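Take a look at the structure set out below.
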Amino acid sequence: MMQGPFSTLLSQTTQIMSSKKTNKTITISAMVAINDGEEKSMNFVQVMPDYPQPGMVTPFCGRGTAQMLSDGHFVFTRKPRKHNTPVLKLPHGSLSWGNDGYDRFTFVLPAQRRQEFARLLQEEAEIAINFMLGLI
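For my numbering, count along the sequence shown from 1 and bump the result up by 955.
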């Protein structure tokens, strides 16, 4: 396990991004622990603040893109969640509106019923199409 301190001090800045949104940047003085896996792939990065304070940051759990450079710079960019609003539930599928402007038809079938896939997909897709045509 490798460890190294960040040389920056604790500070808070708020930048106005637009009239409705703000971007809050928090810099933390911390120790960083990096666990290198057996295959030279990183299993996790842990940030341990020198002076932890409850409420200093908003906790989150999310997916994103992480990049660590050989000189120790680490950047994590969180991907926003896609929120879909279900509008029609079917036995093996669903139709939903996405907040990204896309409509989705999802079909899930257990592997044991593969021989019925084409027939069930056609039946449920027809129901979803008729539902959509009823909205137009």
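Even glycine gets a Cβ: it sits at the ideal position worked out from N, Cα and C.
None of the values given here were measured: they were computed from a predicted structure.
Strand pairing of residue i, partner residues [DSSP]
| i | result |
| --- | --- |
| VAL1042 | BP columns for VAL1042 are empty, so no partner. |
| GLU1004 | Just to set this straight, residue 1004 is Pro in the shown sequence, not Glu. DSSP, once it has assigned bridges, lists ALA985 as partnering PRO1004. |
| VAL1030 | GLN1022 |
| PHE999 | ASN990 |
| ARG1059 | SER1051 |
Check whether residue i and residue j have beta carbons under 8 Å apart
| i | j | result |
| --- | --- | --- |
| MET1023 | VAL1042 | no |
| ASN990 | ASN978 | no |
| LEU1075 | LEU1088 | no |
Own chain partners of residue i with C-beta closer than 8 Å, once the 5 adjacent residues on each side are dropped
| i | result |
| --- | --- |
| HIS1038 | GLY1053 and ASN1054 |
| GLU1079 | LEU1045, PRO1046, HIS1047, GLY1048 and PHE1062 |
Residue i at chain D interface by Cβ criterion, 8 Å
| i | result |
| --- | --- |
| GLN1001 | Among the protein chains of the structure shown there is no chain D, as only one such chain exists. |
(message) Could you check whether the region 1000-1007 touches the region 980-992, counting it as contact only if at least three pairs of C-beta atoms, one from each stretch, sit closer than 8 Å?
(response) yes
(message) Whether or not the region 1081-1091 and the region 1034-1049 are in contact is what I'm after, with contact meaning three or more pairs of Cβ atoms, one per stretch, closer than 8 Å; do they touch?
(response) yes
(request) For the region 1033-1044 and the region 1005-1022, state whether three or more C-beta atom pairs, one from each stretch, are separated by less than 8 Å. (result) yes
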